[in-house]
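Residue numbers (this note's numbering), protein chains in the order written: chain A, 48 to 268; chain B, 48 to 268.
We treat Cβ as the ideally placed atom computed from N, Cα and C, and that holds for glycine.
Please read all numbers here as calculations on a predicted model, not as lab measurements.
Protein chains: 2
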Amino acid sequence: MKKVNVLKPVLVSNQQRAKENRRFFDKIHSLVINIIASPGAGKTSFIKKIVEHFKNRYSILVIEGDIKGQIDSQAISMLNVDVIQINTATECHLDAFMTAQVIPQIEKEYDLVLVENVGNLVCPAEFEIGEDYKLAILSTPEGDDKPIKYPLVFHLAKVVVINKTDLIPHLDFNIPQAKKRIKMENPGSMIYEVSAKTGSGFEALYEHIEKEINAKQEDKD
Amino acid sequence: MKKVNVLKPVLVSNQQRAKENRRFFDKIHSLVINIIASPGAGKTSFIKKIVEHFKNRYSILVIEGDIKGQIDSQAISMLNVDVIQINTATECHLDAFMTAQVIPQIEKEYDLVLVENVGNLVCPAEFEIGEDYKLAILSTPEGDDKPIKYPLVFHLAKVVVINKTDLIPHLDFNIPQAKKRIKMENPGSMIYEVSAKTGSGFEALYEHIEKEINAKQEDKD
């Protein structure tokens, strides 16, 4: 028996456009990470940590997706890296077409492109943008049951970052339980525990990202 | 000059269906509150507090919106109130049509209907379901900038609950700043500060809801 997976037409055309974006980013040897999380999970603070660590060695572009406003873009610009803002107006996620509109503004080869998606644990997971992979952030105050309740993003994310570990003493968040639930959705996902506030846990993640940047650079040769 | 506000067709038909739902709930004198928040902001814990306070005096129905699973429904059923689960599968919000599917299962007059929408600060705001009003929950770990970044829900919510006030000593959340930003989106909104964990701040909110339930009951006579 043959099985046909029917996708909504909007997702099919999005996927095609995402492939074209991906070809562009591959051509300029950029590692593109699509960062997805709930509002307030700490996406911007996380990006700031990554930027601060790598900015003197690698060229970095941050693409900021927000419904409205430029608060995060302004915060990241202060770190002296290139930032492009996408305001989605009523849309609750970035998609490949919005991302494609950014491409004509990219005038150099970036080693690392960090995309901060709109704060939403549901819809951004459905729309590829041309990324190498999705990185989901789960913050501890949200609770360790979120991988069960919002499974798609945890199913698709290659890397999951458990953020705000500094708050655990004040919460009922169970790290082994959370990890087990994440692995149930995606046994291959790599999980890192960090606090973007205190900086704890970032070393292993820096190493992970550095390896991936270097792998992309090797393609160049 | 005349101004035409163009709505997406899906929103127009949703609005029509929401009006019909509203007529049904009005006929059975139910106060219907549509509860909207990010994942992990504390919607279920909030509902449990309200249910525990009112269940011996009023008849209560909880409608649970989740993408998948029944964790919250099960937790609320333990309190011995009626619960109806809606699983949205891929949809990131409840809409009037999903809510309409619940109506044939409603076999008595409920004084209070609490609807827990899917955890999402963006899309649920766009879709009326037939509610009396929207109640938004903003949890302190999300940050006090959320009303600026996700304005629609704060623009539309008649009541905003700032939850997890017990965590404030460990965060950079500024209550007056948050309130100012909520009021910028909706000067008429009523703001309550609570901790669903410790129970602090609920008295004023109970009073608010009780007045509204009584107003609905007066229509009956």
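*Hey, B/L126 and B/K95 are a contact pair by Cβ (cut 8 Å); roughly how many whole angstroms apart?*
7 Å
*Roughly how many angstroms separate the alpha carbons of B/E178 and A/V59, rounded to a whole number?*
35 Å
*Can you give me, in chain order, the residues of the segment 77-103 of chain B that have a beta carbon less than 7 Å from any beta carbon in chain A?*
Correct list: S85, P86 and G87.
*In three-state terms, what does DSSP make of B/K263?*
helix
*Residues that A/M237 bridges to, as DSSP identifies them*: A/V206
*Hey, which unbroken runs of the beta strand (DSSP E) at 3 residues or more fall wholly within the segment 175-202 of chain A?*
The beta strand (DSSP E) runs lying completely inside the segment 175-202 of chain A and spanning 3 residues or more are 180-186, given in chain order.
*Using a cut-off of 8 Å between C-beta atoms, extract the partners of A/H255 located in chain B.*
Those do not exist, as A/H255 stays about 25 Å from chain B at its closest Cβ, beyond 8 Å.
*Using a Cβ-Cβ cut-off of 6 Å (strictly less than) and excluding sequence neighbours within five positions of B/I80, which residues of its own chain qualify?*
In chain order, L161 and L182 place their CB closer than 6 Å to the CB of B/I80, counting only its own chain and leaving out the 5 sequence neighbours on each side.
*What are the boundary residues of the alpha helix (DSSP H) that includes A/V165?*
Element bounds for A/V165: n/a, residue is neither H nor E.
*Would DSSP call B/E111 helix, strand or coil?*
strand
_Within a Cβ cutoff of 6 Å, which residues of the same chain sit near B/V206, ignoring the five residues on either side of it in sequence?_
Answer for B/V206: L182 and M237, listed in chain order.
_Does B/Q62 come out as helix, strand or coil in the three-state DSSP assignment?_
If DSSP states are grouped into helix, strand and coil, B/Q62 belongs with the helices.
_Judging by CA-CA distance, which residue of B/F174, B/L159, B/L252 and B/G166 is the nearest neighbour of B/K66?_
B/F174
*Just by C-beta distance, which residues in the segment 204-218 of chain A are closer than 9 Å to chain B?*
K211, D213, L214, P216, H217 and L218
*What do you get for B/S247, buried or exposed, if any count of 16 or more other CB atoms within 10 angstroms of its CB means buried?*
exposed
_In whole angstroms, give me the CA-to-CA distance for B/R70 and B/A147._
11 Å
*Mind pulling the chain B residues with CB within less than 7 Å of A/G246?*
Near A/G246 there are no residues of chain B at all, since even the closest Cβ is about 16 Å away, more than 7 Å.
*asked:* Please report whether the beta-carbon of A/D113 lies at a distance below 8 Å from any beta-carbon of chain B.
replied: yes
*asked:* One question on the structure: do B/S106 and B/D158 come within less than 8 Å of each other, judged by their Cβ atoms?
replied: yes
*Distance between beta carbons of B/K193 and B/L185, contact taken as under 8 Å*: Your pair B/L185 and B/K193 checks out as a contact, with CB atoms roughly 6 Å apart and the cut at 8 Å.
*asked:* Checking 8 Å against the spacing of the C-beta atoms, do A/L141 and A/G116 come in under that value?
replied: no
*Tell me, to the nearest whole angstrom, how far the beta carbon of B/D119 is from that of B/E163; I am working on the premise that it is less than 8 Å.*
6 Å
*Per-residue contacts from A/I195 into chain B (C-beta, under 8 Å)*: K115, G116 and I118
_Where B/E189 meets chain D, residues with beta-carbon distance less than 7 Å_ = Any reference to chain D falls outside this structure, whose protein chains are A and B.
*asked:* Assuming A/Q224 is part of the alpha helix (DSSP H), what are its boundary residues?
replied: I222 to E232
*Among B/N233, B/C170, B/I133 and B/L108, which has the Cα closest to the Cα of B/V57?*
That would be B/C170, whose Cα lies nearest to the Cα of B/V57.
*Take the Cβ of B/N68 as the centre, count every other Cβ of all protein chains shown within 10 Å, and call the residue buried at 16 or more, exposed below.*
If you draw a 10 Å sphere on the C-beta of B/N68, you find 16 or more other C-beta atoms in it, and that means buried.
*asked:* Taking CB distances under 8 Å as the criterion, tell me whether B/V59 reaches chain A.
replied: no
*Quick one: does A/L126 have its CB under 8 Å from some CB of chain B?*
Between A/L126 and chain B, the shortest Cβ-Cβ separation is not below 8 Å.
*Ends of the beta strand (DSSP E) at B/I29?*
A query on residue 29 of chain B cannot be resolved here, the shown segment of chain B reaching from 48 to 268 and no further.
*Spell out whether any CB of chain A is found under 8 Å from the CB atom of B/G166.*
yes
*What residues match up with A/V57 in a beta bridge as DSSP calls it?*
Partner(s): none; A/V57 has no beta bridge.
*Residues in its own chain within less than 8 Å of B/T135 by CB, not counting five upstream and five downstream?*
G112, D113, I114, L141, M145 and V165
*asked:* Can you check whether the C-beta of A/P56 is within less than 8 Å of a C-beta belonging to chain B?
replied: no
_A/C139 versus B/A262, B/P198 and B/Q152, residue with shortest Cα-Cα distance_ = B/P198
*Collapsed DSSP secondary structure at A/A147 in the structure displayed*: helix
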